[in-house]
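So the protein lines, in turn, are chains W and U. Just so it is clear: in the first sequence, position 675 is 677 by our numbering, and no numbers are missing. Just so it is clear: in the second sequence, position 544 is 546 by our numbering, and no numbers are missing. What follows is a single structure, written as structure tokens, with notes after it.
Number of protein chains: 2
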Amino acid sequence: MSRLRFALDPKSVAIIGASENPNKVGGRPVHYLQKFGFKGKIYPINPSRTEIQGEKCYKSLADLPEAPEMVIVAVAGDNAIGAVEDCAKAGVKIALVMASGFGEVDAIAGKAKERRMVEIAHKHGMRIVGPNTQGLANFGTGAIASFSTMFMEFERVEGHVAMLSQSGALSTVPVGFLNPRGIGVRHSHATGNDSDITVGELAIAVAEDPEVKLMLLYLESIPEKKYLEELSEVALHRNLPIIALKSGRTDAGKAAAQSHTGALANEDRVVDAFLEHHGIWRAPDMRGLVEATELYLKGWKPHGRRLVAISNSGAVCVMTADAASTVGMPMAKLAPETDKKLKGILPSFATTTNPIDLTAALLSNSRLFGDILPVIAEDPAADAFIIGVPVAGPGYDVPAFARDSAAFAQQTGKPLVVAATQPSVAREFQAQGVSVFPTEVEAVTALNQYVSHHELMARVKARKRGPSSSLISADKTEMLNEADSLALLASHGLPVVPYRLAHSRAEAEAAFDAIGGKVVVKGCSADIAHKSELGLVKLGVASREAVGEVYAEMEEIIRKQGSRFDGVIIAAMTGGRREIVIGAHRDPVFGPVVMVGDGGKYVEVFKDTTLLLPPFTRDDAKRALAKLRIAPLFEGVRGEPPMDVDVLVDAMVRIGELMADTSAKVMSIDLNPVMLNTNGCVVVDAVVFKGE
Amino acid sequence: MSRLRFALDPKSVAIIGASENPNKVGGRPVHYLQKFGFKGKIYPINPSRTEIQGEKCYKSLADLPEAPEMVIVAVAGDNAIGAVEDCAKAGVKIALVMASGFGEVDAIAGKAKERRMVEIAHKHGMRIVGPNTQGLANFGTGAIASFSTMFMEFERVEGHVAMLSQSGALSTVPVGFLNPRGIGVRHSHATGNDSDITVGELAIAVAEDPEVKLMLLYLESIPEKKYLEELSEVALHRNLPIIALKSGRTDAGKAAAQSHTGALANEDRVVDAFLEHHGIWRAPDMRGLVEATELYLKGWKPHGRRLVAISNSGAVCVMTADAASTVGMPMAKLAPETDKKLKGILPSFATTTNPIDLTAALLSNSRLFGDILPVIAEDPAADAFIIGVPVAGPGYDVPAFARDSAAFAQQTGKPLVVAATQPSVAREFQAQGVSVFPTEVEAVTALNQYVSHHELMARVKARKRGPSSSLISADKTEMLNEADSLALLASHGLPVVPYRLAHSRAEAEAAFDAIGGKVVVKGCSADIAHKSELGLVKLGVASREAVGEVYAEMEEIIRKQGSRFDGVIIAAMTGGRREIVIGAHRDPVFGPVVMVGDGGKYVEVFKDTTLLLPPFTRDDAKRALAKLRIAPLFEGVRGEPPMDVDVLVDAMVRIGELMADTSAKVMSIDLNPVMLNTNGCVVVDAVVFKGE
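Below you can see the structure in the form of structure tokens.
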């Protein structure tokens, strides 16, 4: 942890605005540093006291025996700015500013104040956490520079989970969730307004802590990608899983985020694509962020997703199958020998096929459970297990079930979860180190997340990772006319419709002869984006005379508009089995984004599209296509032959390469439709914007 | 509770196979009848004992001083059958059979045994609960005829919730869920194999208990609809909400249900439509079944779904807006005066627009909370409230927050929920009678369910309910040829394509002249369902000569097949803005079902369809259309005019009426496509099956 060492492991901490009252913002850090065994020096600073919470108190920073490595600035408003300046000049390494009323309140003046503080700090080699931060808490070193109320509840907080957040509450709420489950959190950091040290930069430093086995992130805004990219590299390198909860998924959420932090709103689908690209699991909500935590800490090596379910309730068997099917975990098909052996053990009215229903017979014979587990353990079809014990208690040997389950998990080395509603039953399993969830839905959902995340990380690691696509911006962007757009695409290897650009009636007629059959005639102007509405698209023109006439009409229309006349395109009529859309744009934060989906007129209505971040592989492109609702059509349905997905994948990869190539300065691409056929695909319409 | 009084409130209960051990199947009911204050007579029967659990024990049924109203049969297998026969002959009113090994194990022999027991019972006026039942538990009367382990955990179980289930575990697991939340369950009944008294029939009797305020159902199989229909009538009449968890949603779940109960698998989407039709809320899983229970018991009268959120965490504000948006609850737009008043109370860095972010300022000033609530209470835009307190504790006056919240809820009379993760915080609110959930997602989801269920019940009550559609079955079903299908539909007022059925080449040519323009020619035979594949559909035939030739070809094709030749259809070519599908079939359990959706060739790929049960209104039909993914197209997108949804709704209603009319004996209808246009819609293809 060399990086940001002064933030995570300072040798001395001063508190400007320290308070005797441990429930005040300036009192909490003093209390926590003592409570959680901080080994370094504690310097409370408060001009009106000589001692605070048993520590010698100083009148000012200047009175300290040394320059502290970290200073917690717990005074408000402009006093905080002055304190930061003092710290910088005194040689402090980290100033942690708790005061609010900066960029989160006023995106102009507030942000300007933040920038001023950061400038002064950097001039003196100091870094800033905050402002508007609840603080950092490293329970590994005892450096708890935080005023969180949550830590008042715990005597000790030790473990292998790191939680980082821009929000104060969200840096600690997961700690409160996990603690009752016996899961300790080692890091709980809130970075506030991220004026200097961002949650991403801090996360990289935390990811280097070898004691961290799982990292959780709460993000309200992602203003830049570079730290998260580096974080992903560091984490994948050491197989550290990261789960991120990014709020502001919906318009209402984005509006709320903007009004309370002034934060930039990220395009949510791009966030999805970005996190997936980097092997980071995106949690839908708080519960999703913490629910599977235990499973990540088990050290399992999952090899598949075929589930075996065992319960003493037939209803739970059915609901488990429903839940598994819903998340995409198939029920394992057990071998005939397994079935035979189970039949030898279980009563005739039990069910020996998976899910295995022990029935209420377990009340008469508690040994049934321990007897069948070894049989199931031997079946190679099982990748993961769920044991559902909705009701047990007097008459059942629950401690034996728990011991048997733990031994079974040990024997197989495969993921195993238990669903038990009754706290008395859950406790017995937990005491044996088995992961317990209240119902089969939570259990299966967590199991699926764990297995799927493992698969995702393996996929991202296996992918040869090129350098991340650079951000480019253009002072000015200009639409290419359609002929130039098509030419650009053709020069990058995309299959475009056969066409000619005619600059005279004679050329137009010659083009008709050359292309043959009925043609499409389109007016071409870099000033006109919506050609159809002006009558600049004519389909099925069937004779050279007609082409000539249309040429003349279109030239007149364009010139009457006062638009540049770049000629008239004569193109082959091209049908397709399905109209596909391929698009690309440059996200201001995440850079180039490629979109593919169901195209045609209603692309915005059906929104059956997926996103990919370059660089991506052919496999990535195929996975993206497989997510579409129209995916079954690619295989061919109702006796149709399959469509030529290979060339579509080629086209996607080429668009990705073109967007990744900053020298090409392509700002956006809109290809709709791309006609997909049994053999090949063809770009029919293209709008490309380039930067200058 | 006159109905099934002997099952729910017997004056005397005998237990055949009674046991001294309260953890044995035959010991539990004796124990529970004593423990939960049963006032009637308890008669343990066991030939080898004189006393059981302090009660005088009898050698046999014949030795009892009277015929008991209820007998619990706690002996196994064939002994149970003998006992049932004894009971019937002795004048017992209810035999509750706990033994398993009947229909759930063997759908043939096991079911036959059940039928035999029921026959004997009915001959003597006795009714049967079970077999394979865990038993009934009415905590209102203390009649606990159950061997559930769950009730060992509770000293008293009192409340206003009724839980009925076919499964034993699921009749009690919700009790275990609700108890720690301080919510009592009055009824907890497991009906097992439903050989005689079904869960539905019992539910009607329970719904008549005026103390029941909310009914929960777990259903694994719905073999007949009549009891659930009657239940819905009874419940709606007294405003009793019903929430049903029906498992076997997925193929894997259905397979599990079949292998452990041999139960008939219901078509899941029809179950959805049926429950919605009857105002019953369908829970997706166990948690969904119980999660909103508290809200139903508050006695609120919700008037809308606009939400106001208040939190001391900006992150929770954002996540609440995300959660609300996801479930479809908009954030209320507060009045400018409200905003002004809030600004006067809150610090400048707080957010006064909804969601309202109090920020960590609440730590410095606990009164902020109590000060703003009365202001918000006055705003008419608010329909429901959520207060998010992710972290509080020392330094916060949580008891005051809880009191203020309770007073606020009282003042507004509007639904209010709290999201609080920390148990210490949750307890304070619960102590004031406020409903608390661990996170905003659960809170908002429960609130939305409660409001939406209320809306659904109001809608179903407002709908003039005709008699439910009858089930009809046909020994034989026969496909009508297309001409007859179209004629039948036309006679019921559906707009069908202009067509003629020609029986000779001359008639075909005359039809071409009469219809005008290009035509479609289709071979017509009641033996041929897939015409296209045999070359029996020709589009765009453009001359009378061509029509004549096609006529001759098609006659030859049909005759060569050895199929009936019913003529050749000449129909107008009809385009449409969108191809719609309307279908109908008769579900063996639920009767007629009408389907509408996105039609055309890929109807099975996109599955963008919804179901309706006749009788349904035009409003119901509109709501069904609004659920489709293609719904935005109806309004007109990208400058298109709207489509004629009114005539589509007409067509749907007419199909509903036709299916509800049993005398018409229509078994199924498949109209694909129905061409929907700006003006009108037209049925182009029709396949109708009739019963005989």
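Beta carbons: idealized from backbone N, C-alpha and C, even for Gly. Keep in mind the model is a prediction, meaning the values are calculated, not measured.
query, result
"Closest Cα partner of Glu213(W) within the set Ala164(W), His191(W), Gly178(W)", "Ala164(W)"
"C-beta contact flag for Val676(W) and Ile572(W) at 8 Å", "no"
"Rounded distance between the beta-carbons of Ser313(U) and Pro286(U), thought under 8 Å", "27 Å between Cβ atoms; not a contact."
"Residues that Gly395(W) contacts on chain U, provided the C-beta gap is smaller than 8 Å", "Thr151, Met152, Met154, Glu155"
"Residue from Leu538(U), Glu555(U), Val549(U), Gly682(U) whose Cα sits closest to the Cα of Arg579(U)", "Gly682(U)"
"Partners in chain U for Met333(W), counting only beta-carbon separations shorter than 7 Å", "Ala254"
"Buried or exposed (CB count within 10 angstroms, at least 16 for buried), Arg307(U)", "buried"
"Option nearest Leu503(U) by Cα separation, candidates Asn483(U), Gly577(U), Gln413(U), Gln168(U)", "Asn483(U)"
"Lys603(U): contacting residues in chain W (beta-carbon distance under 7 Å)", "Arg640"
"Own chain residues within Cβ distance below 6 Å of Pro617(W), not counting five before or after", "Gly468, Ala662"
"Nearest neighbour of Ser150(W), chosen from Ser190(W), Phe179(W), Lys43(W), Leu536(W) [CA to CA]", "Ser190(W)"
"CB contact below 8 Å: Ser487(W) versus chain U", "no"
"Identified DSSP bridge partners for Ala574(U)", "Val521(U)"
"Range of the contiguous alpha helix (DSSP H) that encloses Ile122(W)", "111-125"
"At least three beta-carbon pairs within less than 8 Å, the segment 98-112 of chain U to the segment 121-129 of chain U", "no"
"Continuous alpha helix (DSSP H) stretch holding His239(U): start and end", "228-239"
"For Arg5(W), three-class secondary structure by DSSP", "coil"
"Every unbroken alpha helix (DSSP H) within the segment 319-361 of chain U, with a cutoff of 4 residues, ordered by chain", "338-347"
"The segment 300-320 of chain W: positions lying closer than 7 Å to chain U by Cβ", "Ser315, Gly316, Ala317, Val318, Cys319, Val320"
"Cβ-based neighbour list, Met3(U), same chain, cut-off 7 Å, excluding 5 preceding and 5 following", "Summary for Met3(U): the model assigns pLDDT 49, below 50, so the residue's position carries little reliability; its value from the coordinates is reported in the next sentence. The residues are Leu10, Asp11, Ala207, Glu210, Asp211."
"Spatially closest choice to Ile389(W) from Ser407(W), Ala379(W), Gly495(W), by CA coordinates", "Ser407(W)"
"Start-to-end residues for the beta strand (DSSP E) that takes in Ile18(U)", "14-18"
"Cutoff 8 Å; reference Val719(W); Cβ partners in own chain excluding five residues on either side", "Outside the displayed range of chain W (3 to 694) lies residue 719(W), so it cannot be described from this structure."
"Classification of Thr52(U) by the beta-carbon crowding that lies within 10 angstroms, buried from 16 upward", "exposed"
"Chain-order list of residues whose beta-carbon lies under 7 Å from that of Glu442(U) (same chain, five-residue window excluded)", "Val318, Met321, Thr322, Ala325, Ile388, Gly390, Ala421"
"Chain W contact for Ala433(U) (CB, 8 Å cutoff)", "no"
"Meets three-Cβ-pair contact criterion under 8 Å: the segment 333-349 of chain U and the segment 363-379 of chain U", "yes"
"CB contact flag (Gln136(U), Ala85(U), <8 Å)", "no"
"Leu221(U) versus Glu551(U), Trp302(U), Ile244(U), residue with shortest Cα-Cα distance", "Ile244(U)"
"Val462(U): contacting residues in chain W (beta-carbon distance under 9 Å)", "In chain order: nothing, as chain W lies at least about 26 Å away."
"CB contact below 8 Å: Met3(W) versus chain U", "Reliability of the predicted coordinates at Met3(W) is poor, the pLDDT of 49 falling under 50, and the value obtained from them is presented with this limitation in mind. No, Met3(W) does not count as interfacial toward chain U."
"Counted within 10 angstroms of its Cβ, other Cβ atoms place Thr680(W) as buried (16 or more) or exposed", "exposed"
"Local conformation of Glu637(W) per DSSP, three classes", "helix"
"Beta carbon of Ala109(W) nearer than 8 Å to that of Asp198(W)", "no"
"Residues of the segment 170-189 of chain U with Cβ closer than 7 Å to any Cβ of chain W, in chain order", "Gly170, Ala171, Leu172, Thr174, Val175, Gly178, Phe179"
"Whether Gly693(U) touches Ala485(U) by CB criterion (8 Å)", "no"
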